[in-house]
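A short worksheet on the structure shown next.
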Amino acid sequence: MNEEDLILHDALAHNSIIQGAILSKAKRKPFKHNDMGHLENELQKLRQKFRRVLIVVEGVYSMDGDICKLPELINLKEKYNAILMVDEAHSIGTIGKNGRGVTSYFGVDPKSVDILMGTLSKSLNSCGGYIAGSKDFITYLRYNSPGFIFSVGMTPANAAAALASLTLCETGDALFQKLTDNHTYFLEGLKKLGVNTGESYDTPVIPLITGNSEKALEFSEVLFRNGINAMPIVYPAVKENEARLRFFISAAHTKEELQITLETIKENLSILIDNRIASKL
Ligand SMILES: Cc1ncc(COP(=O)(O)O)c(C=O)c1O
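The opening position of the sequence shown corresponds to residue 238 in my numbering, with each subsequent residue numbered one higher.
As structure tokens, this is what we get:
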């Protein structure tokens, strides 16, 4: 991508996507979160004005725990002759068969997405990342990416940790059943408490939206004192009125731990009730 091109990205895209777009010098425009109508309007208006158009989305949104609308994105990118890139940082190892990510979740051929990119630093317990795409595209990156050519590669230990995690994913059907059971149980538990979990569904990323940064910090602190680690996400990572705690549910959590967490949240609900957010409870 360069000055002749356009990058259309989801409004909630991770900062790394925004920084990459800025570095490319392409024009950049966000579309409303997961709003395929808005994306199509932009494509209708703008496609002809640029040499290439790249659409960038996340498989699972890192702050909200909802999933991109992959089949519709593929239709749109084909209709408007655009390129589609999906950042699977939070979808690899969490959704789809054995954690194979968003293409498996929707049962679509991974080759229908031009660029599948992910990090090894979350479910895969390591550091570094990967890009999957056509042979030509990967060859192009291999010889033209300064960060790849002029920087040292992964350490063997990191490569081994990621490989071991992938092997575990491929053989660990029971792990993924447990993961699904755990996050479904926790999300339903939060919903029963009447707290605001935003758009999260079918993923282990579950926010508890407090509606202001102070409450998020205070609630996180109270949970931490009770042995529960849920980090506060405050402005500018999200809008101030969407400040939240973010829970990452894993297959290693026990039902008892999830129950204790739900009970602790229930006991401290009064912290959340203030002027601005009482209406949500
Ligand atoms: C959507 C998304 N993309 C990319 C990254 C960057 O991953 P890493 O920290 O492994 O470079 C993150 C990390 O938070 C992320 O959430």
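Note that the Cβ used here is the ideal one computed from N, Cα and C, for glycine as well.
The structure presented is a predicted model; accordingly, all values stated were derived computationally and were not measured.
Local conformation of residue i per DSSP, three classes
i, result
"I443", "strand"
"K334", "helix"
"T491", "coil"
"T392", "coil"
"K262", "coil"
"E295", "strand"
"M468", "strand"
"H246", "strand"
"V323", "strand"
"I311", "helix"
"P267", "strand"
"V290", "strand"
"I502", "helix"
"I254", "helix"
"I304", "strand"
"N478", "helix"
Cβ-Cβ separation, residue j to residue i (assumed contact under 8 Å), whole Å
i, j, result
"L321", "V350", "5 Å"
"N566", "A480", "Because residue 566 is not part of the residues shown, which for the chain are 238 to 518, the question remains open."
"H327", "S299", "5 Å"
"T340", "L310", "In fact, because the Cβ distance is near 11 Å, the residues do not count as touching under 8 Å."
"F423", "I443", "6 Å"
"L417", "L427", "Residue 417 is actually Thr in this sequence, not Leu. Actually they are not in contact, since the Cβ atoms of T417 and L427 sit about 16 Å apart, beyond 8 Å."
N- and C-terminal bounds of the beta strand (DSSP E) containing residue i
i, result
"R483", "R481 to F485"
Residue span of the alpha helix (DSSP H) that contains residue i, given as start and end
i, result
"E279", "M273 to L283"
"I329", "Segment: none, I329 is in no alpha helix (DSSP H) and carries neither H nor E."
"F385", "P383 to I386"
Check: residue i C-beta below 6 Å from any heavy atom of ligand 3
i, result
"T392", "This structure lacks ligand 3; the ligands present are ligand 1."
Entirely within the segment 338-371 and at least 4 residues each: give me those alpha helix (DSSP H) ranges in chain order. 339-343
Along the chain, which unbroken stretches of the beta strand (DSSP E) at least 3 residues long are found entirely within the segment 401-466? 442-446
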